[in-house]
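Q:
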Amino acid sequence: MAKQTIIPFGPQHPVLPEPVHLDLVVEDETVVQAIPRIGFVHRGLEKLVEKKDYTQFVFVTERICGICSFGHSLGYSQTIEHLMGIEVPPRAEYLRVILHELSRVHSHLLWLGLGADAFGFENLFMQCWRIRERVLDIFEKTTGGRVVLSACNVGGTLYDIDDETLKGICATLDVVRREYDAILGAFLNDYSVRSRLEGVGYLSQQQARDLSIVGPFARASNVNNDVRCLRQGGYAYLESFEPIMSDGGDCLARVIVRAKEVYQSIDIIKELAAKIPAGPVMNAPKGKPAAGTQASMRLEQPRGECYYYAKGNGSMFLERMRIRTPTSQNLGGLVVALAGCDLADVPNIVLTIDPCISCTER
Amino acid sequence: MSHSSKSPWLIHYDASSCNGCDIEVLACLTPMYDVERFGIINTGNPKHADIFLVTGSVNDQNIKVVQQIYEQMREPKVVIACGVCACSGGIFKECYNTLGGVDMAIPVDVYAPGCAVRPEAIIDAVVKGLGILEQKRAALDAAKSKKKEA
């Protein structure tokens with residue numbers, strides 16, 4: 007047996023925009039075991055519910071993560087709406103889904119770029135981020151923010167997007183689709199990319215099920231847990247929804263699932279923008295969450311299912327707010343996928359689960 | 010002007026940011042803003058870097074990491090606090106696990122506010138940082154020649 011060595015990976019590492027530490031136990035060039043250590047980004051923001059009231063806290067949830075920022079404000083708002091029985095105007099439901107799916111497009115493009123950087127294709131990284139800027143321009147035009155949108159609050163959305171702008175968004179998305187078509191071939195057909203991804207970091211369907219993996223990571227192992235299938239909120243207005251699945255289980259399958267989800271999100275936005283009803287966008291909440299009431303909510307974030315739980319105590323402040331984020335589920339799968347891989351594939355596999363450490367640690 | 014202040018290399022570390030500022034730092038490098046055309050490169054090696062970009066506030070766990078990276082960097086060096094969390098702790102100032110801005114850990118030269126900090130603000134801060142880098146270099150050179158004379 008070869009001698010075992012431990013190689014520390016992170017918290018500061020060129021491939022990681024975020025700090026996570028892995029102790030890689032290696033025998034020669036093969037990773038035998040990966041031991042993650044987290045806690046560099048923990049802020050303890052769930053406890054802030056005691057200092058910010060329930061309408062202010064939405065702005066804290068937005069800052070759980072800068073990539074799925076809108077999703078967190080949406081998930082939190084929906085939970086509080088359940089808790090207090092607030093009816094959301096249909097137009098707001100449409101707008102929320104449109105903004106949420108735009109976030110997914112920007113998140114997946116961001117990830118595809120980082121993924122390309124991890125397997126050493128820097129040009130592709132730049133191309134992905136160039137296209138992503140178009141989505142950020144839409145955000146900036148409609149809400150004023152590029153990253154943190156502050157567009158969602160309990161009861162609806164804070165801004166309306168008029169129909170003319172929605173048409174403009176669809177036109178921009180056509181451009182995004184055209185440009186995306188042009189680079190997608192590099193991910194799917196380029197032989198050197200395939201040779202880096204195919205068969206690397208395999209996770210079987212059974213393993214994905216056992217470890218409760220969520221999001222595109224699970225769907226690439228043929229486990230469907232897309233929360234959008236439940237058709238909650240604005241997703242109820244869609245004609246049909248088919249989750250994107252793959253049975254590959256390797257890095258390539260994860261790339262393909264996310265790559266196709268970009269098209270799916272563009273289709274969802276265009277469908278909803280075409281039939282959005284007129285009306286108000288905000289049903290301002292009145293009163294306080296009653297003591298002892300509880301509510302929970304699930305939302306499909308770009309990285310997978312996110313679970314929200316809230317408990318009221320009769321004041322403007324919540325008793326408890328709990329968020330279980332997708333990456334905290336997926337880290338278990340990462341450790342399994344890393345076991346037995348080559349040391350040079352580690353950055354690749356770490357990135358294909360699309361880790362979001364600041365979500366995980368909050 | 011020396012070479013490094015014409016084309017400084019950066020190192021970026023996410024202390025406990027929400028990612029918002031991190032992706033804006035990366036966005037600066039990509040085609041829309043493209044600071045690489047000025048020779049600014051994001052490096053992973055502290056000893057290669059002239060400018061240290063920190064996003065997010067510090068806590069007990071990462072304060073040592075921030076200090077280690079700072080200490081490994083060669084003189085002259087400039088620290089830029091990117092985003093309101095790095096400047097003061099921002100919205101998370103009241104959290105139990107947040108000590109405050111990056112200046113709790115290391116001396117900060119330029120503060121770039123914003124939540125998330127805009128790429129224009131980052132570029133502006135880096136340009137300001139270049140001036141400070143040049144001053145620090147001049148001070149170092151002056152000290153060196155003084156030593157020689159003595």
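If you're matching them up, the sequences are chains A and B in order. Residues 7 to 368 in the numbering used here are what the first sequence lists, from first letter to last. Residues 10 to 159 in the numbering used here are what the second sequence lists, from first letter to last. Idealized CB from N, CA, C, for every residue including glycine.
Roughly how many angstroms separate the alpha carbons of Gly207/A and Pro286/A, rounded to a whole number?
A: Distance between the alpha carbons of Gly207/A and Pro286/A: 48 Å.
Q: Just to confirm, is the Cβ distance from Lys58/A to Val47/A under 8 Å?
A: No, the pair does not count as a contact, with Cβ atoms beyond the cut-off.
Q: Select from Gly91/A, Leu155/A and Ser83/A the residue whose C-alpha is nearest the C-alpha of Tyr314/A.
A: Residue Ser83/A is the option with its Cα nearest to Tyr314/A.
Q: Apart from the five residues on each side of it in sequence, which residues of its chain come closer than 8 Å, Cβ to Cβ, to Val263/A?
A: If we look at Val263/A and ignore the five residues flanking it on each side, its Cβ neighbours are Pro222, Arg225, Ala226, Ile250, Met251 and Ser252.
Q: Please list, in chain order, all residues of the same chain as Thr331/A whose beta carbon is under 6 Å from its beta carbon, the five residues on each side excluded.
A: If we look at Thr331/A and ignore the five residues flanking it on each side, its Cβ neighbours are Cys312, Cys365 and Thr366.
Q: DSSP on Asn319/A, reduced to helix/strand/coil?
A: Reduced to three states, the DSSP call for Asn319/A is coil.
Q: Drop a sphere of 10 angstroms on the beta-carbon of Met10/B, count the other beta-carbons inside from all chains shown, and report buried for 16 or more, exposed for fewer.
A: In this predicted model, Met10/B has a pLDDT of only 49, less than 50, meaning its place in the structure is not dependable; the value taken from the coordinates is given anyway. With fewer than 16 other Cβ atoms within 10 Å, it is exposed.
Q: Report back the beta-carbon spacing between Pro42/A and Val341/A to the nearest angstrom; my notes put them in contact at under 8 Å.
A: Right, their Cβ atoms sit about 6 Å apart.
Q: Helix, strand or coil for Met90/A per DSSP?
A: Looking at Met90/A - three-state DSSP - the assignment turns out to be helix.
Q: Identify the continuous alpha helix (DSSP H) that holds Val182/A and give its terminal residues.
A: From DSSP, the alpha helix (DSSP H) with Val182/A extends over Asp169 to Leu194.
Q: Using only the alpha-carbon positions, how far apart do Cys158/A and Thr358/A sit?
A: Taking the straight line from one Cα to the other gives about 29 Å.
Q: With a threshold of 8 Å between beta-carbons, can Met113/B be considered close to chain A, or not?
A: False, the Cβ-Cβ gap to chain A never drops below 8 Å.
Q: When we look at the beta-carbon of Ala98/A and count the other beta-carbons within 10 Å, is it buried (16 or more) or exposed?
A: Under this definition Ala98/A is a buried residue.
Q: Here's the rule I'm using: 16 or more other beta-carbon atoms within 10 Å means buried, otherwise exposed. How should Pro295/A be labelled?
A: Under this definition Pro295/A is a buried residue.
Q: For Ile70/A, which residues in the same chain have their Cβ closer than 8 Å to its Cβ, ignoring the five residues on either side in sequence?
A: So the list reads Leu51, His78, Ile329, Thr331, Ser364, Cys365 and Arg368, once near-sequence residues are dropped.
Q: Taking just the CA atoms, how far does Thr107/B sit from Asn68/B?
A: Roughly 5 Å between the two C-alpha positions.
Q: Ala134/B and Asn71/B look like a contact to me (Cβ under 8 Å); what is the Cβ gap, rounded to whole Å?
A: Incorrect: roughly 21 Å between the Cβ atoms, too far for contact.
Q: Looking at C-alpha atoms only, which residue of Arg110/A, Val32/A, Ala279/A and Pro291/A is the closest neighbour of Val268/A?
A: Residue Arg110/A is the option with its Cα nearest to Val268/A.
Q: Within the chosen definition, does the stretch 73 to 88 of chain B reach the stretch 141 to 151 of chain B through at least 3 CB pairs nearer than 8 Å?
A: Touching, yes, given that three or more Cβ pairs across the two stretches are closer than 8 Å.
Q: Excluding the 5 residues flanking Tyr22/B on each side, which residues of the same chain have their C-beta closer than 8 Å to its C-beta?
A: Excluding positions up to five away in sequence, the list reads Phe61, Leu62, Val63, Thr64, Val74, Val75 and Ile78.
Q: Exposed or buried, which one is Leu28/A when buried takes at least 16 other CB atoms within 10 Å?
A: Classification for Leu28/A: buried.
Q: Around the C-beta of Asn231/A, are 16 or more other C-beta atoms found within 10 angstroms, so that it is buried, or is it exposed?
A: Asn231/A is buried by the Cβ-count criterion.
Q: May I have the straight-line CA-CA distance separating Val261/A from Trp117/A, to the nearest angstrom?
A: If I take the Cα positions, the gap works out to 9 Å.
Q: Let me see if you follow: with CB-CB separation under 8 Å, is Val141/A close to chain C or not?
A: Checking the listed chains, one finds no chain C in this structure; the protein chains it contains are A and B.
Q: Does the beta carbon of Gly378/A sit closer than 8 Å to a beta carbon anywhere in chain B?
A: The requested residue 378/A does not occur in the structure, where chain A is confined to residues 7 to 368.
Q: Give me the subset of the stretch 15 to 31 of chain B whose CB atoms are less than 9 Å from a CB atom of chain A, sorted by chain position.
A: Those residues of the stretch 15 to 31 of chain B that come within reach of chain A (Cβ to Cβ, closer than 9 Å) are Ile20, His21, Tyr22, Asp23, Ala24, Ser25, Ser26, Cys27, Asn28, Gly29, Cys30 and Asp31.
Q: Could you tell me whether the Cβ atoms of Asp43/B and Trp18/B are closer together than 8 Å?
A: Going by C-beta atoms, Asp43/B is not nearer than 8 Å to Trp18/B.
Q: In chain order, what residues of the same chain lie with their CB nearer than 7 Å to the CB of Glu45/B, ignoring the 5 residues before and after it?
A: So the list reads Leu38, once near-sequence residues are dropped.
Q: Please identify, using Cβ separations under 8 Å, the residues of the stretch 46 to 79 of chain A that lie next to chain B, in order along the chain.
A: Cβ contacts with chain B come from Phe46, Val47, His48, Arg49, Gly50, Leu51, Lys53, Leu54, Lys57, Phe65, Val66, Arg69, Ile70, Cys71, Gly72, Ile73 and Ser75.
Q: For the stretch 258 to 345 of chain A, list the beta strand (DSSP E) runs that are entirely contained and at least 3 residues long, ordered along the chain.
A: If we require 3 residues or more, the beta strand (DSSP E) runs fully inside the stretch 258 to 345 of chain A come out as 300 to 307, 310 to 318 and 324 to 330.
Q: Please report whether the beta-carbon of Glu306/A lies at a distance below 8 Å from any beta-carbon of chain B.
A: So, not an interface residue.
Q: What separation, rounded to the nearest whole angstrom, lies between the Cα atoms of Glu170/A and Arg138/A?
A: Their backbone Cα atoms lie some 22 Å apart in a straight line.
Q: Please classify Leu194/A as buried or exposed, where buried requires at least 16 neighbouring CB atoms within 10 angstroms.
A: Exposed, since its Cβ has fewer than 16 Cβ neighbours within 10 Å.
Q: Short of 6 Å in beta carbon distance, which residues of its chain neighbour Gln133/A, apart from the five on each side in sequence? Order them along the chain.
A: Within the same chain, Gln133/A has close Cβ partners Ile189.
Q: Please check if any C-beta of chain A sits within less than 8 Å of the C-beta of Arg127/B.
A: Yes, Arg127/B counts as interfacial toward chain A.
Q: Rounded to whole angstroms, what's the CA-CA distance from Ile355/A to Ala151/B? Just pull it up for me.
A: If I take the Cα positions, the gap works out to 50 Å.
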